[in-house]
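Encoded as C-alpha coordinates, the structure appears first; notes follow it.
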Amino acid sequence: MKFTPFKLNVYMFFKLPSAFWCGVRAKSISTEVCQSTVKHRWFNQNPFNSMYFAVQAMAAEFTTGVLVMYQIKESGKNISMLVANNKATFTKKAKGSIVFECTQGNLIKDTIQKAIETHEGQTIWLTSIGKDEKGDQVSEMQFEWTVKVKSQ
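Mapping of the sequence shown onto my numbering: position 92 corresponds to residue 108, and the numbering continues sequentially without gaps.
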(Lines of atoms letter the chains of each structure in order from A and count residues from 1; the text may use other names and numbers.)
(Lines give C-alpha, C1' and ligand atoms only; values in the text may rest on other atoms or scores of the structure.)
Protein backbone atom coordinates (compact mmCIF):
# COMPACT_ATOMS: atom_id res chain seq x y z
CA MET A 1 0.00 0.00 0.00
CA LYS A 2 1.25 3.47 -0.86
CA PHE A 3 0.98 5.70 2.19
CA THR A 4 -1.36 8.58 1.35
CA PRO A 5 -3.95 10.21 3.63
CA PHE A 6 -6.78 8.82 1.47
CA LYS A 7 -5.46 5.25 1.57
CA LEU A 8 -4.76 5.51 5.30
CA ASN A 9 -8.35 6.63 5.90
CA VAL A 10 -9.67 3.69 3.86
CA TYR A 11 -7.37 1.41 5.89
CA MET A 12 -8.72 2.95 9.10
CA PHE A 13 -12.34 2.35 7.99
CA PHE A 14 -11.68 -1.39 7.59
CA LYS A 15 -9.02 -2.06 10.26
CA LEU A 16 -9.74 0.58 12.95
CA PRO A 17 -13.47 1.26 12.59
CA SER A 18 -13.95 2.70 16.08
CA ALA A 19 -11.34 5.38 15.34
CA PHE A 20 -12.95 6.08 11.96
CA TRP A 21 -16.44 6.49 13.39
CA CYS A 22 -15.11 8.76 16.16
CA GLY A 23 -13.80 11.08 13.43
CA VAL A 24 -10.06 10.33 13.40
CA ARG A 25 -8.58 11.06 9.97
CA ALA A 26 -5.10 10.96 8.49
CA LYS A 27 -4.02 14.46 7.51
CA SER A 28 -0.47 13.98 6.17
CA ILE A 29 2.33 11.42 6.00
CA SER A 30 6.01 11.68 5.11
CA THR A 31 9.17 9.77 5.98
CA GLU A 32 9.56 11.70 9.24
CA VAL A 33 6.13 13.11 10.15
CA CYS A 34 2.55 11.89 10.42
CA GLN A 35 -0.45 14.03 11.33
CA SER A 36 -4.01 13.06 12.14
CA THR A 37 -7.05 15.19 12.92
CA VAL A 38 -10.16 14.69 14.98
CA LYS A 39 -12.96 17.15 15.71
CA HIS A 40 -14.82 17.39 19.00
CA ARG A 41 -18.41 16.31 18.34
CA TRP A 42 -21.34 14.86 20.23
CA PHE A 43 -20.28 11.33 19.28
CA ASN A 44 -16.78 11.58 20.82
CA GLN A 45 -17.49 13.83 23.80
CA ASN A 46 -17.11 13.21 27.50
CA PRO A 47 -19.48 14.49 30.23
CA PHE A 48 -17.31 17.63 30.60
CA ASN A 49 -18.07 18.99 27.11
CA SER A 50 -14.71 18.13 25.60
CA MET A 51 -13.24 15.25 23.64
CA TYR A 52 -13.09 11.87 25.39
CA PHE A 53 -9.51 10.92 26.26
CA ALA A 54 -9.71 7.58 24.42
CA VAL A 55 -10.53 9.37 21.16
CA GLN A 56 -7.44 11.51 21.62
CA ALA A 57 -5.44 8.34 22.28
CA MET A 58 -6.71 6.75 19.05
CA ALA A 59 -5.71 9.80 17.00
CA ALA A 60 -2.32 10.03 18.69
CA GLU A 61 -1.52 6.31 18.48
CA PHE A 62 -2.46 6.36 14.81
CA THR A 63 0.27 8.93 14.04
CA THR A 64 2.94 6.81 15.74
CA GLY A 65 1.73 3.49 14.36
CA VAL A 66 1.51 4.71 10.78
CA LEU A 67 5.12 5.90 10.93
CA VAL A 68 6.19 2.49 12.25
CA MET A 69 4.23 0.77 9.45
CA TYR A 70 5.78 3.12 6.88
CA GLN A 71 9.33 2.41 8.04
CA ILE A 72 8.68 -1.35 8.17
CA LYS A 73 7.47 -1.23 4.56
CA GLU A 74 10.55 0.79 3.55
CA SER A 75 12.81 -1.84 5.16
CA GLY A 76 11.39 -4.60 2.97
CA LYS A 77 11.50 -7.03 5.92
CA ASN A 78 8.75 -9.01 7.64
CA ILE A 79 8.56 -7.22 11.00
CA SER A 80 5.93 -7.41 13.73
CA MET A 81 4.87 -4.37 15.74
CA LEU A 82 2.91 -3.98 18.95
CA VAL A 83 2.21 -1.32 21.57
CA ALA A 84 3.65 -2.38 24.93
CA ASN A 85 2.93 0.71 27.06
CA ASN A 86 1.49 4.18 26.86
CA LYS A 87 1.47 7.39 28.87
CA ALA A 88 -0.66 10.49 28.51
CA THR A 89 -0.67 14.06 29.79
CA PHE A 90 -3.68 16.31 29.30
CA THR A 91 -3.06 20.05 29.56
CA LYS A 92 -6.25 21.64 28.21
CA LYS A 93 -9.80 20.64 27.28
CA ALA A 94 -9.84 19.29 23.73
CA LYS A 95 -12.51 21.26 21.85
CA GLY A 96 -12.84 22.05 18.18
CA SER A 97 -10.46 20.47 15.68
CA ILE A 98 -7.37 18.80 17.16
CA VAL A 99 -4.26 17.89 15.15
CA PHE A 100 -1.94 15.17 16.46
CA GLU A 101 1.61 14.98 15.16
CA CYS A 102 4.49 12.54 15.53
CA THR A 103 7.85 13.67 14.11
CA GLN A 104 10.10 10.70 14.90
CA GLY A 105 10.26 8.83 11.60
CA ASN A 106 14.06 8.85 11.51
CA LEU A 107 14.30 7.41 15.03
CA ILE A 108 11.89 4.64 13.99
CA LYS A 109 14.02 3.89 10.93
CA ASP A 110 17.12 3.52 13.13
CA THR A 111 15.28 1.24 15.58
CA ILE A 112 14.01 -1.01 12.79
CA GLN A 113 17.50 -1.18 11.29
CA LYS A 114 18.87 -2.24 14.69
CA ALA A 115 16.19 -4.97 14.93
CA ILE A 116 17.20 -6.23 11.47
CA GLU A 117 20.92 -6.21 12.28
CA THR A 118 20.67 -7.85 15.72
CA HIS A 119 17.66 -10.15 15.07
CA GLU A 120 16.45 -9.06 18.50
CA GLY A 121 13.27 -7.27 19.42
CA GLN A 122 13.61 -3.54 19.96
CA THR A 123 11.46 -1.01 21.79
CA ILE A 124 10.99 2.65 21.06
CA TRP A 125 9.00 5.37 22.81
CA LEU A 126 7.18 7.63 20.34
CA THR A 127 5.42 10.89 21.16
CA SER A 128 2.38 12.47 19.54
CA ILE A 129 1.39 16.01 20.47
CA GLY A 130 -2.22 17.18 20.12
CA LYS A 131 -2.88 20.87 19.46
CA ASP A 132 -6.13 22.78 19.06
CA GLU A 133 -7.02 25.35 16.41
CA LYS A 134 -5.24 28.10 18.36
CA GLY A 135 -2.03 26.06 18.43
CA ASP A 136 -2.32 25.33 22.15
CA GLN A 137 -1.25 21.87 23.27
CA VAL A 138 -4.17 19.85 24.64
CA SER A 139 -2.40 16.54 25.20
CA GLU A 140 0.84 14.63 24.81
CA MET A 141 0.69 10.90 24.30
CA GLN A 142 3.61 8.51 24.40
CA PHE A 143 3.51 4.95 23.10
CA GLU A 144 6.15 2.29 23.58
CA TRP A 145 6.27 0.24 20.38
CA THR A 146 8.03 -3.12 20.08
CA VAL A 147 9.37 -4.26 16.73
CA LYS A 148 10.80 -7.66 15.94
CA VAL A 149 11.92 -9.33 12.73
CA LYS A 150 9.74 -12.39 12.13
CA SER A 151 11.61 -15.63 11.54
CA GLN A 152 11.23 -16.95 8.01
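Glycine included, each C-beta is placed from N, C-alpha and C at the ideal position.
Cβ shell of Trp141 (< 6 angstroms), same chain only, five flanking positions each side left out: By 1-based counting over the sequence shown, the position of residue 141 is 125. Gln158, Glu160, listed in sequence order.
Which value, in whole angstroms, describes the spacing of the CA atoms of Leu167 and Phe30? Numbered from its first residue, the sequence shown carries residue 167 at position 151. Numbered from its first residue, the sequence shown carries residue 30 at position 14. According to the sequence provided, residue 167 is Ser. The question's Leu does not apply to it. Cα to Cα, Ser167 sits roughly 28 angstroms from Phe30.
From Phe64 to Lys150, what distance separates their C-alpha atoms? Counted from its first residue, the sequence shown places residue 64 at position 48. Counted from its first residue, the sequence shown places residue 150 at position 134. Take the alpha-carbon of Phe64 and the one of Lys150: they are about 20 angstroms apart.
What would DSSP say about Phe116, mapped onto helix, strand or coil? Stepping through the sequence shown from its first residue, residue 116 is reached at position 100. Three-state result, Phe116: strand.
If I measure Cβ to Cβ from Ala42 and keep anything under 6 angstroms in the same chain, skipping five residues before and after, which residues do I get? Residue numbering aside, residue 42 sits at position 26 when the sequence shown is read from its first letter. Excluding sequence neighbours, Ala42 sits near Pro21, Leu24, Asn25, Ser52.
Could you check if Thr162 belongs to the surroundings of the ligand PLP, using beta carbon to heavy atom distance under 7 angstroms? Absence of the ligand PLP is noted for the structure shown, with no ligands found whatsoever.
Assign Glu48 to one of three DSSP states: helix, strand, or coil. Numbered from its first residue, the sequence shown carries residue 48 at position 32. In the structure shown, the three-state DSSP call for Glu48 is coil.
Counting along the chain, where does the beta strand (DSSP E) carrying Phe29 start and finish? Against the sequence shown, residue 29 aligns to sequence position 13. Not the beta strand (DSSP E): Phe29 falls in the alpha helix (DSSP H), residues 21-31.
Could you spell out where the beta strand (DSSP E) holding Met17 opens and where it closes? As a working note, residue 17 is residue 1 in the sequence shown. Judged by DSSP secondary structure, Met17 falls outside any beta strand (DSSP E); it is assigned neither H nor E.
Using the C-alpha atoms, what's the distance from Ser155 back to Glu90? Translated into the one-based positions of the sequence shown, residue 90 becomes position 74. Translated into the one-based positions of the sequence shown, residue 155 becomes position 139. When rounded, the distance between both Cα atoms is 30 angstroms.
Segment limits, alpha helix (DSSP H) that includes Met85: Here residue 85 corresponds to residue number 69 of the sequence shown, with the count starting at 1. That run of the alpha helix (DSSP H) goes 69-91.
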